[in-house]
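K.L.:
Protein chains: 2
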Amino acid sequence: MSITSLLDYFNNLLPLDEAESATVARVFRERSIKRRQFILREGEISRYNSFVVEGCFRMYLVDDKGKEHNLQFAIENWWIGDIGSFHTGEPSRLNIVALEHSVILQIRKEDQLSLFVDHPKFNRIFRVFTENALVASQRRILQNISSTAEERYLDFLDRYPQFFNRISNVQIASFLGVTPEFLSTIRKKLSGS
Amino acid sequence: MSITSLLDYFNNLLPLDEAESATVARVFRERSIKRRQFILREGEISRYNSFVVEGCFRMYLVDDKGKEHNLQFAIENWWIGDIGSFHTGEPSRLNIVALEHSVILQIRKEDQLSLFVDHPKFNRIFRVFTENALVASQRRILQNISSTAEERYLDFLDRYPQFFNRISNVQIASFLGVTPEFLSTIRKKLSGS
DNA sequence: CGTCTATTTGAATGTACTCAAAAGCGGTGG
DNA sequence: CCACCGCTTTTGAGTACATTCAAATAGACG
């Protein structure tokens, strides 16, 4: 059962009791997502928070020139969603699409809110999880403003080795903020050293 | 009293009862910080979370080449601290220094943890606050990877007009991830259009 | 095998950096 | 009140990093 991996995830952070586990099993809904299928499109309001059981997603912005910029990838045991739109109720500027056939567990905003009220422990769990995401996000900002593309690529490989043969270089380039062509020259240079 | 501005801040997010207010008043300690004084230095462990009552700070990283990169500014009613080091207990790579004479309210890590246990409401408050910080941080990543320096500068002015005549261009350049010289040419170009 | 997509290559261009120096500007002491 | 100091901002020339555009090559998959 998919829900097991989510319960394991929660128990790892903070053990759940029976009632909490039962509520989780009730409010999270399993969905199977095909490759190239979207779970959020620009202009929609983000109504769900999604936990990846299996597969891989990317969340990206399309700029005024029509170019795509990857903000985040998500694989097994990661969360994905536009937190901003989810909380404010404003339309999202982001898209989330599956890079592989995937299985996710989704919770609706209303259910998440009542989860926080009924079982305060989840406030804590989500606070910790959000803090970790914030730390990672800040780390990436520092990288972007202090490192060259080559350094960022090396750091990416070091940090997310599991992505190396799973995500195309086009997508990695978009995540790093460089063109695929330039990433290619970086890779050529690195292979010859 | 400085504590009033913090209580106002909390009440604005989620009204506090008497006991909660009293605890806040007890665990937060007021400190007066002189211009150029540090409240965190690289290598130290971040033991405090700080709320700015008055004044202005910057948090920055020094890279291997000795260059400084601003991750964040904080003025009145903002929080500042290295969340990563605060939670993991590992030494921080960041520095936090006052740009003006400032007054802050600090809470120790132990007190913040017991605040969460004794008054669960603060889990919620800090979760929301962290979510907002994460949204802002993600927004900035997207900007960094999708915009030119000129666009980032215009967006900065638009977003933080209160910083325009308060923070030097050297500091703004470091925040945007460009050299002061290049920011100067951007400003020149913008003034002539 | 053919089609589609991803990756590589290369030339020309643009964006941003480095280094050095000049100019501006607010404060402080004589 | 002026002269000087320290710091910020501006200017400019030369260079490095990264993009654009076009086209060739390589892989993956039906």
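Top to bottom, those sequences are chains Z and D. Each residue of the first sequence is one higher than the last, beginning at 1170 in my numbering. Each residue of the second sequence is one higher than the last, beginning at 1170 in my numbering. Beta carbons are placed, not taken as given, at the ideal position from N, Cα and C, and that holds for glycine.
Under DSSP, the beta strand (DSSP E) around E1237 of chain Z begins and ends at which residues?
P.N.:
E1237 to A1243 is the span of the beta strand (DSSP E), which, as asked, contains E1237 of chain Z.
K.L.:
Taking the continuous beta strand (DSSP E) assigned at V1347 of chain Z, which residues delimit it?
P.N.:
First-last for V1347 of chain Z: undefined, no H or E at that position.
K.L.:
Excluding the 5 residues preceding and the 5 following Q1312 of chain D in the sequence, name in chain order all residues of the same chain whose CB lies nearer than 8 Å to its CB.
P.N.:
These residues qualify, in order along the chain: E1320, R1321 and D1324.
K.L.:
Would you please state the rounded distance, in angstroms, between the beta carbons of R1205 of chain Z and A1267 of chain Z? I believe it to be under 8 Å.
P.N.:
At roughly 7 Å, the Cβ-Cβ gap stays under 8 Å, so R1205 of chain Z and A1267 of chain Z are in contact.
K.L.:
Check for me: the alpha helix (DSSP H) holding I1310 of chain Z runs from which residue to which?
P.N.:
K1290 to S1315 is the span of the alpha helix (DSSP H), which, as asked, contains I1310 of chain Z.
K.L.:
From the beta carbon of I1214 of chain D, is the nearest beta carbon of chain Z less than 7 Å away?
P.N.:
Chain Z, which has no Cβ nearer than 7 Å to the Cβ of I1214 of chain D, makes this no.
K.L.:
Pull up the DSSP beta-bridge partners for P1260 of chain D, would you.
P.N.:
D:I1214.
K.L.:
Do S1271 of chain Z and E1223 of chain Z have their CB atoms nearer than 7 Å?
P.N.:
In this structure, E1223 of chain Z lies closer than 7 Å to S1271 of chain Z by Cβ.
K.L.:
Compare the C-beta of D1232 of chain D against all C-beta atoms of chain Z and say whether one is closer than 7 Å.
P.N.:
Closer than 7 Å: yes.
K.L.:
Taking only three categories from DSSP, how would you classify I1273 of chain D?
P.N.:
Correct three-state label for I1273 of chain D: strand.
K.L.:
Which of helix, strand or coil does DSSP assign to L1268 of chain Z?
P.N.:
Three-state result, L1268 of chain Z: coil.
K.L.:
Roughly how many angstroms separate the alpha carbons of I1208 of chain D and S1261 of chain D, rounded to a whole number?
P.N.:
If you take the alpha carbons of I1208 of chain D and S1261 of chain D, they lie about 12 Å apart.
K.L.:
Could you tell me the boundaries of the alpha helix (DSSP H) in which L1375 of chain D lies?
P.N.:
Given a span of 1170 to 1362 for chain D in the structure shown, any question on residue 1375 of chain D remains unanswerable.
K.L.:
In angstroms with no decimal places, state the Cα-to-Cα distance between V1286 of chain Z and E1350 of chain D.
P.N.:
Distance between the alpha carbons of V1286 of chain Z and E1350 of chain D is about 52 Å.
K.L.:
Listed in chain order, which residues of the region 1293 to 1312 of chain Z have Cβ atoms closer than 7 Å to some Cβ of chain D?
P.N.:
From the region 1293 to 1312 of chain Z, only R1293, F1295, R1296, T1299, E1300, A1302, L1303, V1304, S1306, Q1307, R1309, I1310 and L1311 have a Cβ closer than 7 Å to chain D.
K.L.:
Which residues bound the alpha helix (DSSP H) around S1209 of chain Z?
P.N.:
What sits at residue 1209 of chain Z in the sequence shown is Leu, not Ser. Counting along the chain, L1209 of chain Z falls outside any alpha helix (DSSP H), though it belongs to the beta strand (DSSP E) covering F1207 to L1209.
K.L.:
Based on DSSP bridge pairs, tell me the residues matched to I1202 of chain D.
P.N.:
D:S1271, per the DSSP bridge assignment.
K.L.:
Of all the CB atoms in chain D, is at least one closer than 7 Å to the CB of S1360 of chain Z?
P.N.:
Chain D contact via Cβ: absent.
K.L.:
Buried or exposed: which applies to E1189 of chain Z, given that a residue is buried once 16 or more other Cβ atoms fall within 10 Å of its Cβ?
P.N.:
E1189 of chain Z is buried by the Cβ-count criterion.
K.L.:
Do you know whose CA, among Z:E1211, Z:S1306 and Z:F1291, lies nearest D1233 of chain Z's CA?
P.N.:
Here the closest residue by C-alpha is Z:E1211.
K.L.:
Hey, could you find the ends of the beta strand (DSSP E) L1284 of chain D is sitting in?
P.N.:
From DSSP, L1284 of chain D is part of no beta strand (DSSP E) but of the alpha helix (DSSP H) over K1278 to D1287.
K.L.:
Does L1240 of chain Z have its Cβ less than 7 Å from a Cβ in chain D?
P.N.:
True, the Cβ-Cβ gap to chain D drops below 7 Å.
K.L.:
Starting from the C-beta of S1316 of chain D, find all residues in its chain whose C-beta is less than 8 Å away, skip the five residues before and the five after it, and write them out in chain order.
P.N.:
Around S1316 of chain D: D1324.
K.L.:
For the alpha helix (DSSP H) that contains R1195 of chain D, what are its first and last residues?
P.N.:
Looking at the DSSP string, the run of the alpha helix (DSSP H) that includes R1195 of chain D is E1187 to V1196.
K.L.:
Which value, in whole angstroms, describes the spacing of the CA atoms of T1173 of chain D and V1193 of chain D?
P.N.:
So the two alpha carbons sit approximately 10 Å from each other.
K.L.:
Spatial neighbours of E1269 of chain D within its chain, please: CB distance less than 7 Å, with the 5 preceding and 5 following residues excluded, ordered by chain position.
P.N.:
For E1269 of chain D, where only same-chain residues beyond five positions count, the Cβ hits under 7 Å are R1204, G1224 and C1225.
K.L.:
Which residues of the region 1279 to 1293 of chain D have a Cβ closer than 8 Å to any Cβ of chain Z? Give them in chain order.
P.N.:
Under the 8 Å Cβ criterion, the region 1279 to 1293 of chain D contributes F1285, P1289, N1292 and R1293.
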